[in-house]
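The block underneath contains the structure these notes are about, expressed in structure tokens.
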């Protein structure tokens, strides 16, 4: 059995990633002329996600958005949440253990992506592919508010990886711990606080997609900008 997507949600990032057009017409196109594509599924603290999960600033934004009536749709709601949260938010120290490395650092956020985008087109993990058997981990370090304002526009184009305080890696499993505990989200839904245990379920979901989207759908090919995490070894 395969999952059919109807892109009628707030952001529709998963459907967009897989080439399913917005509205019933896009769903009908995938159903009638599409093919099956098997994709990975992420999990954090028992909650599954298909796009991006994370710890820190974006999780605080998700908490703010989900606590309020959705007066705006799509990107507008997240933009308001970003600026409201930024006023009081401060980077915090975290310890991260993956199946490949271990590090400690002060971070603005740690994002874990199965697909490139979330929150209505924020391309936080531009190297992520939904069927490559890996989670993309993007870390924004101890960044000042004025730098955040410079980085934010880059997120929508996936160009933030060039910033010296941004780094990426890939893994299949990781644990994030912090003191004090930080907010955690999965696909924009709050899922409590750290510690956060992320893991990947490879090829776990069959999805109906338009025939034109049988190829990989990441924003950029792997092998571009790549900086190792420079956190303090523990």
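In the numbering used here, the protein residues as written are 2 to 235. No residue lacks a Cβ here, since even glycine has one placed at the ideal position from N, Cα and C.
- Restricted to the stretch 142-168, the alpha helix (DSSP H) segments that are unbroken, complete and at least 4 residues in length are 146-156, listed in chain order.
- Taking the Cα positions, residue 205 is about 10 Å away from residue 51.
- From the listed residues 182, 80 and 61, the smallest Cα separation to residue 123 is found for 80.
- Beta-bridge pairing by DSSP links residue 204 to no other residue.
- Take residue 83, set aside five residues on each side of it, and the residues of its chain with a beta-carbon closer than 6 Å to its own are 62, in chain order.
- Following the DSSP letters along the chain, one finds residue 88 in no alpha helix (DSSP H), marked with neither H nor E.
- For residue 107, the enclosing beta strand (DSSP E) covers residues 103-114.
- Between the stretch 96-105 and the stretch 171-186 there are three or more C-beta pairs closer than 8 Å, enough to call the two in contact.
- The C-beta distance from residue 113 to residue 54 rounds to 5 Å, short enough to fall under 8 Å.
- Per the Cβ contact rule, the stretch 87-95 is not in contact with the stretch 123-136 (fewer than 3 Cβ pairs under 8 Å).
- DSSP, read as helix, strand or coil, puts residue 133 in coil.
- Residue 49 and residue 151 have their C-alpha atoms some 32 Å from each other.
- Residues of the same chain with a CB within less than 6 Å of the CB of residue 160, apart from the 5 flanking positions on each side, do not exist.
- Pairing residue 194 with residue 69, the inter-Cα distance amounts to about 19 Å.
- Of the candidates 106, 57, 115 and 120, 57 places its Cα closest to the Cα of residue 89.
- Around the C-beta of residue 188, 16 or more other C-beta atoms lie within 10 Å, and the residue is accordingly described as buried.
- In this structure, the beta-carbon distance from residue 46 to residue 190 does not fall below 8 Å.
- Rounded to the nearest whole angstrom, the CA to CA distance from residue 140 to residue 121 is 20 Å.
- Distance from the Cα of residue 200 is smallest, within the candidate group 179, 166, 134 and 168, for 134.
- Straight-line measurement puts the Cα of residue 41 at about 15 Å from the Cα of residue 118.
- The closest CA to that of residue 196, considering only 202, 208, 181 and 209, is found on 181.
- One Cα belongs to residue 192, the other to residue 184, and the distance between them is close to 8 Å.
- Counting the other Cβ atoms within 10 Å of the Cβ of residue 168 gives 16 or more, which makes it buried.
- Going by C-alpha positions, residue 149 is about 21 Å away from residue 137.
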